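What follows is the structure in structure tokens.
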């Protein structure tokens with residue numbers, strides 16, 4: 001999808017100045033997710049596990065959207081999501097994982113996710129997340 | 001008579017199509033190509049380089065774990081293959097991903113012989129893909145150096 005096509009799909013996205021945090025231990029996925037966000041004009045940072053995500057918030061960081069992987073060392077996505085919600089963090093959290101069985105998905109959602117997408121992420125899946133989480137305002 | 005550029009472009013298209021038809025690549029590779037633009041003209045090459053580094057590291061970890069005959073840490077092998085399955089899925093490395101699924105099954109059932117055999121296949125398969133993608137990137141370079149445009153290939 002070109003930048004013009006994205007602008008058509010989400011006319012207010014460029015003006016919204018959204019921010020996102022990518023939480024994933026895989027360099028491959030970090031690179032892809034950051035590129036997807038950059039393509040949509042969303043300023044973003046990356047951390048490599050759930051503990052680093054929690055630490056960022058403890059240090060005063062804040063993001064509109066968190067793309068949270070499930071399987072990570074030190075603190076996984078389920079633990080990190082629970083911890084962030086316990087801290088009162090209201091950022092939208094979208095779980096992204098290759099684990100797709102219903103039980104694992106349910107456990108991840110119940111930790112406090114706002115949405116869930118199966119990896120690998122694509123432009124369409126990311127747009128779907130943004131639509132679902134009302135980051136797009138129709139003019 | 002075809003120009004050099006036209007010949008190279010045709011070779012590029014045919015080779016790309018063959019990679020998909022032979023199951024080396026799937027739609028996710030197409031998604032990566034869509035993300036390549038003037039801001040990041042080498043995006044695909046950068047991502048697949050990271051993937052091949054993952055392959056090397058994770059296959060080495062699994063081989064080391066499987067070397068501990070009689071005391072194999074199948075949990076470690078399982079976690080490594082899960083990671084490799086994830087990154088192969090993310091770059092569209094279809095055959096590698098398929099072999100990771102099989103390896104995971106062998107691991108879950110603690111089938112030592114199956115794990116060893118499958119890991120050898122994963123190793124061969126990622127190296128084959130690496131060579132083929134290198135050929136693809138070389139073709140792209142040749143087209144650009146000849147003054148041509150890299151064609152869009154509809155799979």
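Chains as they are written, first to last, in UniProt numbering: chain A, 1 to 139; chain B, 1 to 155.
We treat Cβ as the ideally placed atom computed from N, Cα and C, and that holds for glycine.
Only a predicted model underlies this, so the values are computations on that prediction, with no experimental measurement involved.
Distance check for residue 134 (chain A) and residue 83 (chain B), CA to CA, integer angstroms please.
32 Å
Where does residue 78 (chain A) fall in DSSP's three states?
helix
Is the Cβ of residue 98 (chain B) closer than 8 Å to any Cβ of chain A?
no
Using a Cβ-Cβ cut-off of 6 Å (strictly less than) and excluding sequence neighbours within five positions of residue 153 (chain B), which residues of its own chain qualify?
13, 16
Residue 26 (chain A) classed as buried or exposed, judged by whether at least 16 other C-beta atoms fall within 10 angstroms
buried
Taking just the CA atoms, how far does residue 151 (chain B) sit from residue 37 (chain B)?
14 Å
Please work out which residues of its chain come closer than 8 Å, Cβ to Cβ, to residue 17 (chain A), disregarding the five sequence neighbours upstream and downstream, and give them in chain order.
43
Contacts of residue 29 (chain A) in chain B (Cβ-Cβ under 9 Å)
86, 87, 90
Report all residues from its chain with a CB closer than 6 Å to the CB of residue 79 (chain A); omit the five preceding and five following residues, and keep chain order.
50
Close-in-space but distant-in-sequence residues of the same chain around residue 98 (chain A) (CB under 6 Å, 5 per side omitted):
119
Out of B:29, B:114, B:3, point me to the one whose CA is closest to residue 136 (chain B)'s CA.
B:29
For residue 138 (chain A), which of helix, strand or coil comes out of DSSP?
With a pLDDT of 41 at residue 138 (chain A), under the threshold of 50, the predicted position of this residue should be treated as unreliable, though the coordinate-derived value follows. Reduced to three states, the DSSP call for residue 138 (chain A) is coil.
Which partner residues of residue 84 (chain B) appear in the DSSP bridge assignment?
Answer is none; residue 84 (chain B) lacks a bridge partner.
Candidates B:91, B:69, B:96: which alpha carbon is nearest residue 128 (chain B)'s?
B:96
Are the beta-carbon atoms of residue 85 (chain A) and residue 54 (chain A) separated by less than 8 Å?
no
Cα-Cα separation between residue 123 (chain B) and residue 113 (chain B), rounded to whole angstroms:
16 Å
Taking only beta-carbon positions, decide if residue 40 (chain B) is within less than 8 Å of chain A.
yes
Between residue 31 (chain B) and chain A, is there a C-beta pair that is closer than 8 Å?
yes
For residue 111 (chain A), which of helix, strand or coil comes out of DSSP?
coil
Ignoring anything shorter than 4 residues, give me the alpha helix (DSSP H) runs that lie fully in the UniProt domain "Response regulatory" (19-134) of chain A, in order along the chain.
27-39, 50-58, 77-86, 102-110, 123-132
For a test of the three-state rule: what should DSSP assign to residue 40 (chain B), helix, strand or coil?
strand
With distance defined between alpha-carbon atoms, name the residue in A:94, A:70, A:77 nearest to residue 63 (chain A).
A:94
What span of residues does the alpha helix (DSSP H) with residue 4 (chain B) cover, start to end?
4-21
Please identify the residue among B:26, B:7, B:8, B:3 whose C-alpha is closest to the C-alpha of residue 93 (chain B).
B:26
Are any of the Cβ atoms in chain B nearer than 8 Å to that of residue 36 (chain A)?
yes
Taking 8 Å as the cut-off, decide whether the C-beta atoms of residue 81 (chain B) and residue 100 (chain B) are in contact.
yes
How about residue 152 (chain B): is its C-beta nearer than 8 Å to some C-beta of chain A?
no
Between the C-alpha atoms of residue 137 (chain A) and residue 125 (chain A), what's the straight-line distance to the nearest angstrom?
The pLDDT assigned to residue 137 (chain A) is 44, lower than 50, so where the model puts this residue is not dependable; a value taken from the coordinates is nonetheless given after this. About 18 Å.
Tell me whether the beta-carbon of residue 143 (chain B) lies closer than 8 Å to the beta-carbon of residue 9 (chain B).
yes
Among all the DSSP beta bridges, which residues are the ones paired with residue 93 (chain B)?
B:25
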